[in-house]
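Here the numbering used here is used: position 43 in the sequence shown is 228, and no number is missing along the way.
A virtual CB, placed ideally from N, CA and C, is assigned to each residue, including glycine.
Since the structure is predicted, the reported quantities are computational estimates derived from the model, not experimental observations.
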Amino acid sequence: MLAIRRRGFLALLGGGLALPRWLSAEHHVVSADPLVVEFDLKSLRGLHTSVEDFYVRNHFDAPLAAGQAALQVEGEVERPCRLAPADVAPFPERDLGVVLECAGDGVGPMGLVSNGSWAGWPLAAVLSSARPTRAAGMGWTR
186 MLAIRRRGFL ALLGGGLALP RWLSAEHHVV SADPLVVEFD LKSLRGLHTS VEDFYVRNHF
246 DAPLAAGQAA LQVEGEVERP CRLAPADVAP FPERDLGVVL ECAGDGVGPM GLVSNGSWAG
306 WPLAAVLSSA RPTRAAGMGW TR
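What follows is the structure, encoded as structure tokens:
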């Protein structure tokens, strides 16, 4: 049996007050901090999961706002660079239908799985602007 102390219960309860308003009855909040929300797969309508219904699995704080984000490419490249979202806009975009499932997804009607239509830039095209050398064999993110 799961034991929870009063202080932990109150923290979870208080965290629930800050949850996004778009959460509906078809969602199951597993954790408020970090935010983890499952989606009721039985309520899926159509081929793709709507943005509002996508599962949420956060391990850390929310990412930076788009205006502050940047991709830094360095190491085994001829032209190290730092690319802001505006810098990758000229690259050809690609649309893909992709199923995402959390590795820790359990079995049942509520799930950490969604099927979406994604648009963006292929990483190979973006990285090619830095001109990787022959010695470049892997990437690292932080």
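(message) Any contact between the segment 216-232 and the segment 297-317? By contact I mean 3 or more CB pairs, one from each, below 8 Å.
(response) yes
(request) Determine the DSSP secondary structure at PRO277, reduced to helix, strand or coil. (result) coil
(request) Hey, could you find the ends of the beta strand (DSSP E) LEU268 is sitting in? (result) 266-268
(request) Throw me the rounded Cβ distance for the VAL258 and LEU312 pair, which I believe falls under 8 Å. (result) 6 Å
(request) For my contact list, VAL236 and LEU220 are in at a C-beta cut-off of 8 Å; report their separation, rounded to the angstrom. (result) About 15 Å; that fails the 8 Å criterion.
(request) With DSSP as the reference, label GLY229 as helix, strand or coil. (result) Correcting the residue identity first, residue 229 is Leu in this sequence and not Gly. If DSSP states are grouped into helix, strand and coil, LEU229 belongs with coil.
(message) Is the beta carbon of VAL284 closer than 9 Å to that of ALA321?
(response) no
(message) Can you look up GLU237 in the DSSP assignment and give me helix, strand or coil?
(response) helix
(message) If I follow the unbroken alpha helix (DSSP H) through ALA309, where does it start and stop?
(response) 308-313
(message) Spatial neighbours of GLU286 within its chain, please: C-beta separation below 7 Å, excluding the five flanking residues on both sides.
(response) LEU297, VAL298
(message) So, with DSSP's three-state summary, where would you put ALA349?
(response) The requested residue 349 is not part of the displayed model; the chain covers only 186 to 327.
(message) Which residue wins for smallest C-alpha separation from GLY303, given the options ASP218, ASN243, ARG279?
(response) The amino acid at residue 303 is misidentified as Gly; the sequence shows Trp. When only C-alpha atoms are compared, the closest one is ARG279.
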